[in-house]
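Position one of the sequence shown corresponds to residue 1 (the UniProt record's numbering), numbered consecutively onward.
Quick reminder that beta carbons are idealized off the backbone N, C-alpha and C, glycines included.
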Amino acid sequence: MTDTYAFLIHEPDWDSDAFLGGGGVPGGNPEMNFPEHKAFQAAVAKLGARIVGAAALQNARYGGRVTPGSGDRAVDDAVYSDGPYPDTSEVVSGFYLVEVADEAQARHIAALVPTGGHIEWRKVFPTP
Numbered sequence: 001m002t003d004t005y006a007f008l009i010h011e012p013d014w015d016s017d018a019f020l021g022g023g024g025v026p027g028g029n030p031e032m033n034f035p036e037h038k039a040f041q042a043a044v045a046k047l048g049a050r051i052v053g054a055a056a057l058q059n060a061r062y063g064g065r066v067t068p069g070s071g072d073r074a075v076d077d078a079v080y081s082d083g084p085y086p087d088t089s090e091v092v093s094g095f096y097l098v099e100v101a102d103e104a105q106a107r108h109i110a111a112l113v114p115t116g117g118h119i120e121w122r123k124v125f126p127t128p
């Protein structure tokens, strides 16, 4: 049996807009799209694990944070803020979902995820 782990990339926010036209490298070639992540993906495959999902998240200015209200007032009493984490300069800038053999392999893979900050790994709760 395999387990799926989410690897959340925590690091200072980045200028995602600068990368949109250049295919991953500011002003760059689409073939050079985030080379450190391509190397990570190859390392995961070499370990026998399988990436089942991944995404880079755009700059935090394109999102926010909400604390929902209670019960049927979830939207009406919601409290919104502009930043995802008001008490820190780091945000989740992307994630990987990886099927692994066991927790030891998940820990090993967590250390390989490219980041300018730190990685949080969590076992995904099985849902139908």
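Among the options, nearest to residue i - alpha-carbon criterion
{"i": "residue 172", "options": "Ile119, Lys38, Gly117 and Phe34", "result": "Only positions 1 to 128 of the chain appear in this structure, which leaves residue 172 out of reach."}
{"i": "Phe95", "options": "Leu47, Ala42 and Val52", "result": "Val52"}
{"i": "Ala110", "options": "Pro128, Ala43 and Thr2", "result": "Ala43"}
{"i": "Arg61", "options": "Ser93, Arg50 and Leu47", "result": "Ser93"}
Rounded straight-line distance, which links the Cα of residue j to that of residue i
{"i": "Gly69", "j": "Asp82", "result": "17 Å"}
{"i": "residue 156", "j": "Asp13", "result": "Outside the modelled stretch of the chain, which goes from 1 to 128, sits residue 156, for which no answer is possible."}
{"i": "Lys38", "j": "Gln58", "result": "19 Å"}
{"i": "Val91", "j": "Glu36", "result": "19 Å"}
{"i": "Gly98", "j": "Ile9", "result": "This sequence places Val at residue 98; Gly is not what is there. Taking the straight line joining both Cα atoms gives about 13 Å."}
{"i": "Ala6", "j": "Phe125", "result": "10 Å"}
{"i": "Ile119", "j": "Ala54", "result": "14 Å"}
Rounded distance between the beta-carbons of residue j and residue i, thought under 8 Å
{"i": "Ala106", "j": "Val100", "result": "5 Å"}
Check: residue i C-beta below 8 Å from any heavy atom of the ligand ZN
{"i": "Ala43", "result": "This structure lacks the ligand ZN; in fact it carries no ligand of any kind."}
As assigned by DSSP and simplified to three states, the class of residue i
{"i": "Phe34", "result": "coil"}
{"i": "Asp13", "result": "coil"}
- Task: For the UniProt domain "YCII-related" (36 to 125), list the alpha helix (DSSP H) runs that are entirely contained and at least 4 residues long, ordered along the chain.
- Result: 103 to 110
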